[in-house]
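Trainee: The following block contains the structure, expressed as C-alpha coordinates.
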Amino acid sequence: MSSPQWNHPWPPVHHGAVSGPQHVPNPPLASFGLRLLARTIDYFLVAVTAFVFFFVMIVVVMILSGTSEFSDAATNVWVLLFFFGWGTLIFFYDWLYLAAWGRTLGKMIVGIKVVALADGSKLTQSQALGRSALFGMPQTLPIVGNLFAFGESLAMLGESKQALHDRGAGTKVVRTR
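Read in order, the letters of the sequence shown are residues 967 to 1143 in our numbering.
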(Lines of atoms letter the chains of each structure in order from A and count residues from 1; the text may use other names and numbers.)
(Lines give C-alpha, C1' and ligand atoms only; values in the text may rest on other atoms or scores of the structure.)
Protein backbone atom coordinates (compact mmCIF):
# COMPACT_ATOMS: atom_id res chain seq x y z
CA MET A 1 0.00 0.00 0.00
CA SER A 2 1.38 3.41 -0.91
CA SER A 3 1.56 6.29 1.53
CA PRO A 4 -1.06 9.01 1.27
CA GLN A 5 -0.23 12.04 -0.90
CA TRP A 6 -0.04 14.39 2.08
CA ASN A 7 2.77 12.26 3.48
CA HIS A 8 5.15 12.79 0.56
CA PRO A 9 8.33 14.77 1.25
CA TRP A 10 8.44 18.36 0.08
CA PRO A 11 10.18 19.32 -2.05
CA PRO A 12 9.82 16.09 -3.98
CA VAL A 13 12.84 13.81 -3.83
CA HIS A 14 13.97 12.55 -7.24
CA HIS A 15 15.79 9.29 -7.46
CA GLY A 16 18.10 8.85 -10.43
CA ALA A 17 18.46 11.75 -12.88
CA VAL A 18 18.72 15.17 -11.28
CA SER A 19 17.09 18.08 -13.03
CA GLY A 20 18.42 21.62 -13.01
CA PRO A 21 21.87 23.06 -13.51
CA GLN A 22 24.73 20.70 -12.87
CA HIS A 23 28.07 21.74 -11.41
CA VAL A 24 30.87 20.79 -13.76
CA PRO A 25 34.05 20.42 -11.71
CA ASN A 26 36.49 21.44 -14.42
CA PRO A 27 34.82 22.87 -17.52
CA PRO A 28 37.15 23.45 -20.45
CA LEU A 29 38.80 26.84 -20.64
CA ALA A 30 37.73 29.23 -23.39
CA SER A 31 40.17 29.71 -26.24
CA PHE A 32 41.54 33.08 -27.28
CA GLY A 33 39.48 32.86 -30.48
CA LEU A 34 36.18 32.44 -28.60
CA ARG A 35 37.09 35.24 -26.23
CA LEU A 36 38.00 37.55 -29.12
CA LEU A 37 34.76 36.75 -30.94
CA ALA A 38 32.75 37.46 -27.78
CA ARG A 39 34.58 40.74 -27.22
CA THR A 40 34.02 41.77 -30.86
CA ILE A 41 30.28 41.14 -30.47
CA ASP A 42 30.29 43.13 -27.21
CA TYR A 43 32.13 46.04 -28.83
CA PHE A 44 29.61 46.07 -31.67
CA LEU A 45 26.67 46.07 -29.24
CA VAL A 46 28.20 48.84 -27.11
CA ALA A 47 29.02 50.92 -30.20
CA VAL A 48 25.47 50.61 -31.56
CA THR A 49 24.04 51.52 -28.14
CA ALA A 50 26.38 54.52 -27.85
CA PHE A 51 25.51 55.68 -31.37
CA VAL A 52 21.79 55.47 -30.66
CA PHE A 53 22.28 57.33 -27.36
CA PHE A 54 24.27 60.13 -29.03
CA PHE A 55 21.78 60.40 -31.89
CA VAL A 56 18.80 60.59 -29.54
CA MET A 57 20.54 63.12 -27.29
CA ILE A 58 21.44 65.35 -30.24
CA VAL A 59 17.85 65.25 -31.52
CA VAL A 60 16.51 66.03 -28.02
CA VAL A 61 18.91 68.97 -27.64
CA MET A 62 17.89 70.30 -31.07
CA ILE A 63 14.20 70.04 -30.20
CA LEU A 64 14.57 71.64 -26.78
CA SER A 65 16.83 74.45 -27.98
CA GLY A 66 14.77 75.13 -31.10
CA THR A 67 17.86 75.24 -33.31
CA SER A 68 19.90 72.80 -35.33
CA GLU A 69 23.17 74.55 -34.57
CA PHE A 70 25.58 73.67 -31.78
CA SER A 71 28.02 76.00 -30.14
CA ASP A 72 31.69 75.13 -30.36
CA ALA A 73 31.69 74.31 -26.65
CA ALA A 74 28.79 71.88 -26.99
CA THR A 75 30.44 70.22 -29.98
CA ASN A 76 33.70 69.86 -28.04
CA VAL A 77 31.89 68.25 -25.09
CA TRP A 78 30.20 65.69 -27.36
CA VAL A 79 33.46 64.89 -29.15
CA LEU A 80 35.37 64.48 -25.88
CA LEU A 81 32.62 62.32 -24.43
CA PHE A 82 32.58 60.17 -27.56
CA PHE A 83 36.35 59.60 -27.59
CA PHE A 84 37.09 59.40 -23.87
CA GLY A 85 33.85 57.78 -22.75
CA TRP A 86 34.43 54.48 -24.56
CA GLY A 87 36.36 52.87 -21.70
CA THR A 88 33.75 53.97 -19.20
CA LEU A 89 31.00 52.43 -21.34
CA ILE A 90 32.92 49.16 -21.63
CA PHE A 91 33.56 49.19 -17.88
CA PHE A 92 29.89 49.62 -16.96
CA TYR A 93 28.71 47.17 -19.64
CA ASP A 94 31.09 44.45 -18.40
CA TRP A 95 30.44 45.15 -14.73
CA LEU A 96 26.64 45.02 -15.11
CA TYR A 97 26.61 41.74 -17.00
CA LEU A 98 29.41 40.02 -15.07
CA ALA A 99 27.89 40.89 -11.70
CA ALA A 100 24.43 39.72 -12.78
CA TRP A 101 25.12 36.68 -14.99
CA GLY A 102 28.86 36.10 -15.10
CA ARG A 103 28.96 36.85 -18.80
CA THR A 104 28.26 39.60 -21.27
CA LEU A 105 25.90 39.27 -24.24
CA GLY A 106 28.83 38.39 -26.50
CA LYS A 107 29.98 35.69 -24.10
CA MET A 108 26.41 34.32 -23.93
CA ILE A 109 26.24 34.13 -27.72
CA VAL A 110 29.52 32.20 -28.10
CA GLY A 111 28.99 30.02 -25.03
CA ILE A 112 31.61 31.16 -22.53
CA LYS A 113 31.41 32.43 -18.96
CA VAL A 114 33.65 34.15 -16.40
CA VAL A 115 33.97 32.28 -13.10
CA ALA A 116 36.08 32.50 -9.95
CA LEU A 117 39.52 30.97 -10.45
CA ALA A 118 39.61 29.23 -7.08
CA ASP A 119 36.51 27.06 -7.36
CA GLY A 120 34.64 27.90 -10.57
CA SER A 121 31.84 29.59 -8.65
CA LYS A 122 29.89 32.71 -9.57
CA LEU A 123 31.87 35.95 -9.42
CA THR A 124 31.70 38.12 -6.36
CA GLN A 125 30.80 41.77 -6.79
CA SER A 126 34.42 42.77 -6.17
CA GLN A 127 35.71 40.28 -8.77
CA ALA A 128 33.24 41.60 -11.37
CA LEU A 129 34.15 45.20 -10.51
CA GLY A 130 37.90 44.57 -10.54
CA ARG A 131 37.90 42.60 -13.79
CA SER A 132 35.75 45.21 -15.53
CA ALA A 133 37.90 48.09 -14.27
CA LEU A 134 41.18 46.43 -15.25
CA PHE A 135 39.87 45.79 -18.75
CA GLY A 136 37.67 48.83 -19.44
CA MET A 137 39.24 51.82 -17.76
CA PRO A 138 42.53 51.83 -19.71
CA GLN A 139 40.39 52.24 -22.82
CA THR A 140 39.42 55.75 -21.72
CA LEU A 141 42.68 56.70 -23.44
CA PRO A 142 41.93 56.56 -27.17
CA ILE A 143 44.08 54.21 -29.26
CA VAL A 144 46.75 53.68 -26.55
CA GLY A 145 44.19 52.25 -24.12
CA ASN A 146 42.66 50.04 -26.80
CA LEU A 147 46.09 48.73 -27.79
CA PHE A 148 46.90 48.08 -24.13
CA ALA A 149 43.62 46.17 -23.64
CA PHE A 150 44.27 44.10 -26.75
CA GLY A 151 47.86 43.39 -25.72
CA GLU A 152 47.01 42.40 -22.17
CA SER A 153 44.27 40.14 -23.51
CA LEU A 154 46.77 38.47 -25.85
CA ALA A 155 48.94 37.70 -22.84
CA MET A 156 46.81 34.74 -21.77
CA LEU A 157 49.36 33.24 -19.42
CA GLY A 158 49.74 29.75 -17.99
CA GLU A 159 47.55 26.72 -18.15
CA SER A 160 44.57 28.73 -16.92
CA LYS A 161 44.72 30.97 -20.04
CA GLN A 162 44.28 34.10 -17.93
CA ALA A 163 44.63 37.57 -19.37
CA LEU A 164 46.01 40.20 -17.01
CA HIS A 165 42.52 41.40 -16.07
CA ASP A 166 41.67 37.79 -15.14
CA ARG A 167 44.79 37.44 -13.01
CA GLY A 168 44.11 40.72 -11.22
CA ALA A 169 40.52 39.74 -10.40
CA GLY A 170 41.10 36.04 -9.69
CA THR A 171 38.89 34.85 -12.54
CA LYS A 172 39.02 32.50 -15.51
CA VAL A 173 36.88 32.12 -18.63
CA VAL A 174 35.33 28.72 -19.31
CA ARG A 175 33.24 27.22 -22.07
CA THR A 176 29.61 26.51 -21.23
CA ARG A 177 28.81 24.37 -24.25
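Here a beta-carbon is modelled for each residue, glycine too, at the ideal position from N, C-alpha and C.
Let me know the alpha helix (DSSP H) ranges lying completely inside the stretch 978 to 1054, each 4 residues or longer, listed in chain order.
Mentor: Listed in chain order, the complete alpha helix (DSSP H) runs (minimum 4 residues) inside the stretch 978 to 1054 are 998 to 1031, 1038 to 1050.
Trainee: Check whether the Cβ atoms of residue 1011 and residue 1139 sit closer than 8 Å, and answer yes or no.
Mentor: Taking the first residue of the sequence shown as position 1, residue 1011 is located at position 45. Taking the first residue of the sequence shown as position 1, residue 1139 is located at position 173. Result no, Cβ atoms of residue 1011 and residue 1139 do not sit closer than 8 Å.
Trainee: With burial defined as no fewer than 16 other Cβ atoms inside 10 Å of the residue's Cβ, what is the status of residue 1105: buried or exposed?
Mentor: One-based indexing of the sequence shown puts residue 1105 at position 139. Its Cβ being crowded by 16 or more others within 10 Å, residue 1105 is buried.
Trainee: For residue 1142, which of helix, strand or coil comes out of DSSP?
Mentor: In the sequence shown, counting from the first residue as 1, residue 1142 sits at position 176. Coil, per DSSP.
Trainee: Could you check whether residue 1134 and residue 1102 sit closer than 8 Å to each other, using their CB atoms as the reference points?
Mentor: Taking the first residue of the sequence shown as position 1, residue 1102 is located at position 136. Taking the first residue of the sequence shown as position 1, residue 1134 is located at position 168. Against a cut-off of 8 Å, the Cβ pair of residue 1134 and residue 1102 comes out as no contact.
Trainee: Please report how far the alpha carbon of residue 1131 lies from the alpha carbon of residue 997, in whole angstroms.
Mentor: Here the question's residue 1131 lines up with position 165 in the sequence shown. Here the question's residue 997 lines up with position 31 in the sequence shown. Rounded to whole angstroms, residue 1131 to residue 997 spans 16 Å at the Cα level.
Trainee: Which residues in the same chain as residue 1063 place their Cβ atom closer than 6 Å to its Cβ, once the five residues preceding and following it in sequence are excluded?
Mentor: By one-based count along the sequence shown, residue 1063 stands at place 97. The answer, listed in chain order, is 1070.
Trainee: Is residue 1078 helix, strand or coil when you go by DSSP?
Mentor: In the sequence shown, counting from the first residue as 1, residue 1078 sits at position 112. The answer is strand: DSSP assigns residue 1078 an E or B state.
Trainee: Inspect the CB distances between the stretch 1083 to 1100 and the stretch 1055 to 1062 and report whether three or more fall short of 8 Å.
Mentor: Output reads yes: the stretch 1055 to 1062 touches the stretch 1083 to 1100.
Trainee: Going by C-alpha to C-alpha distance, which of 1016, 1076, 1120, 1077 sits closest to residue 1049?
Mentor: Counting from 1 along the sequence shown, the entry for residue 1049 is found at position 83. Checked all of 1016, 1076, 1120, 1077; the closest Cα to residue 1049 is 1016.
Trainee: Just list the beta strand (DSSP E) runs in the stretch 1101 to 1132, keeping only unbroken ones of 3 residues or longer that don't cross its boundaries, in chain order.
Mentor: Whole beta strand (DSSP E) segments, 3+ residues: zero.
Trainee: If I'm right that residue 1003 touches residue 1076 with Cβ under 8 Å, what's the distance once you round it to whole angstroms?
Mentor: Position 37 of the sequence shown, counting from 1, holds the residue named residue 1003. Position 110 of the sequence shown, counting from 1, holds the residue named residue 1076. So it is a contact: roughly 5 Å between Cβ atoms.
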